[in-house]
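So the structure is just underneath, and the comments pick up after that.
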DNA sequence: CGAGATTCATGTGAAGTATACCTTTAGGCTTAA
DNA sequence: AAGCCTAAAGGTATACTTCACATGAATCTCGTA
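In the working numbering, the protein residues as written are 403 to 802.
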């Protein structure tokens, strides 16, 4: 046994390393140079530049679909700004918060708590009055003369869950600040988002607006090429892989993040198979794997009750259309088997709505006329991974 | 036949409850003078 | 007497429940052509 393993590791080491620097392909990576976003970056820079003179920059609202470089551009510009500020000793702070993260910044309390933590204050997850946390945050903010740029990524998620009051408060905070200046940068994937906003909030948040258009296939190709050179060892990419990868991504509304992930996963697959080069076959395989992993991951991290509801929905799936009541009946049985205390139908209704938001299921409210009003529910998992998801749920819920 | 009333199943909002966690306060014990 | 620890009291956020009302088109009803 040991002998075998030894052998395996030896072989592993001898094999040519496919990746030179895998980090370059990971979504957290900040490249030195951002291609095809010069306009946007320059605009951001222009808007935020007054911060260096300790003037409050205009609030900015940034739109664009996923994977169009919004977050990247902001982070890049922030970094540069901070560098300059540092060498000149300018008191500038930039806080970046992703509002999508559940349990981090999806309510007013949690968002403000997170901000206060950025200033080095320990805030408990519950127990304090929101006002109190707000005051702590405010005091820290106003402690000294400085400019703070607050970047709220995926702000639409926050507003959807917690309302626009928070944003309103934040935009108004400046009139109370004596020393510091606060500038808001909101980032949204949802182009229609601003329309549902209170007009006052909207106008104060979007003193400046910026739109990130999707990349086209050529641009994606260009970017991939650049990253691939850094990420992979020479000659491991077969002809046409980049092109195909770009084509895939362009079809998916120009999402560069996906394209990079695709390339990375394809590389990993090829490496695991012991191939010397990445071929188109791995690319296709990667495409599936990513899709699969995404769902598996989301499902896996859901709370038990959500999983139970989802499991009930999967059990229903065979016949075409079904409704909240049907799901709830099954759900109650599942709970019994899984030794869970069943939630009320009221709550399950909300859970279904949330699962819908996560994109795991499709649910829409319909009226069946004489036969009442309900949600029509359908699974939106790719059928190939349905058994896998089912299995995960069974394990997680201890069903056998 | 068609306009309006009815009806059903559950959506949805508001208010209440349980839980987990926080700070403050008061008491009790220890310690140092 | 001052200091320190502990436990109770009083408070909050969040997830969930309870209650009550809202919804909206298929179906029913009934007056009219």
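Just so it is clear, CB atoms sit at the ideal spot from N, CA and C, and this is done for glycine as well.
Mind checking residue i: buried by the 16 CB within 10 Å criterion, or exposed?
i           : result
residue 534 : exposed
residue 759 : exposed
residue 461 : buried
residue 406 : exposed
residue 566 : buried
residue 459 : buried
residue 573 : buried
residue 767 : exposed
residue 616 : buried
residue 415 : exposed
residue 439 : buried
residue 773 : exposed
residue 556 : buried
residue 629 : buried
residue 412 : exposed
residue 423 : exposed
Pick out whichever of the options has its Cα sitting closest to the Cα of residue i.
i           : options            : result
residue 697 : 722, 673, 687, 791 : 791
residue 483 : 671, 625, 443      : 443
residue 548 : 690, 700, 455, 654 : 455
residue 419 : 514, 674, 592, 743 : 674
residue 720 : 773, 684, 789      : 789
residue 645 : 553, 665, 632      : 665
residue 708 : 783, 798, 639, 503 : 798
residue 587 : 786, 498, 755      : 498
residue 347 : 527, 593, 446      : Lying outside 403 to 802, the shown extent of the chain, residue 347 is not represented and no answer is given.
residue 563 : 523, 504, 581, 787 : 504
residue 713 : 582, 730, 576      : 730
residue 519 : 542, 500, 752      : 542
residue 521 : 734, 539, 508, 513 : 539
residue 626 : 656, 748, 614      : 656
residue 622 : 595, 596, 634, 651 : 651
residue 780 : 649, 457, 763, 795 : 763
residue 711 : 753, 727, 685      : 753
residue 469 : 422, 591, 485      : 591
Does DSSP put residue i in a helix, in a strand, or in coil?
i           : result
residue 751 : helix
residue 769 : strand
residue 492 : coil
residue 640 : coil
residue 525 : coil
residue 381 : Residue 381 falls outside the range modelled here, since the chain spans only 403 to 802, and no answer is possible.
residue 692 : helix
residue 551 : strand
residue 719 : coil
residue 678 : coil
residue 585 : strand
residue 500 : strand
residue 464 : strand
residue 804 : There is simply no residue 804 to check, as the chain begins at 403 and stops at 802 in what is shown.
Taking 6 Å as the cut-off, is the beta-carbon of residue i closer than that to any non-hydrogen atom of the ligand ADP?
i           : result
residue 689 : The ligand ADP is absent from the structure shown, which contains no ligands of any kind.
Looking at the unbroken alpha helix (DSSP H) that takes in residue i, where does it start and where does it end?
i           : result
residue 776 : Residue 776 -> not in any alpha helix (DSSP H); beta strand (DSSP E) instead, spanning 775–781.
residue 670 : 658–675
residue 628 : 619–633
residue 595 : Where residue 595 is concerned, there is no enclosing alpha helix (DSSP H), given that its DSSP letter is neither H nor E.
residue 567 : 567–574
residue 562 : 557–564
residue 743 : Neither: residue 743 is in no alpha helix (DSSP H) and is coded neither H nor E.
residue 470 : Counting along the chain, residue 470 falls outside any alpha helix (DSSP H), and DSSP gives it neither H nor E.
residue 532 : 532–543
residue 440 : 440–450
residue 426 : Note, residue 426: premise wrong, no alpha helix (DSSP H); not H, not E.
Which residues in the same chain have their Cβ closer than 8 Å to the Cβ of residue i, if we skip the five residues on either side of it in sequence?
i           : result
residue 637 : 679
residue 432 : 474, 477, 478, 481
residue 805 : Nothing about residue 805 can be reported from this structure: the residues present for the chain run from 403 to 802 only.
residue 717 : 732, 736
residue 640 : 679, 680, 681, 682
residue 702 : 794, 798
Residues in the same chain with beta-carbon distance under 6 Å from residue i, minus the five sequence neighbours each way, listed in chain order, please.
i           : result
residue 464 : 472, 589, 612
residue 494 : 453, 487, 549
residue 530 : none
residue 725 : 776
residue 579 : 544
Go to residue i, then tell me how far its beta strand (DSSP E) extends in each direction, as first and last residue.
i           : result
residue 612 : 610–614
Once you ignore the five residues that flank residue i on each side, which residues in its own chain have a CB closer than 7 Å to its CB?
i           : result
residue 449 : 459, 460, 462, 610
residue 569 : 561, 603, 607
residue 511 : 532, 535
residue 654 : 660
residue 685 : 643, 646, 647, 664, 668
residue 516 : 499, 506, 507
residue 723 : 778
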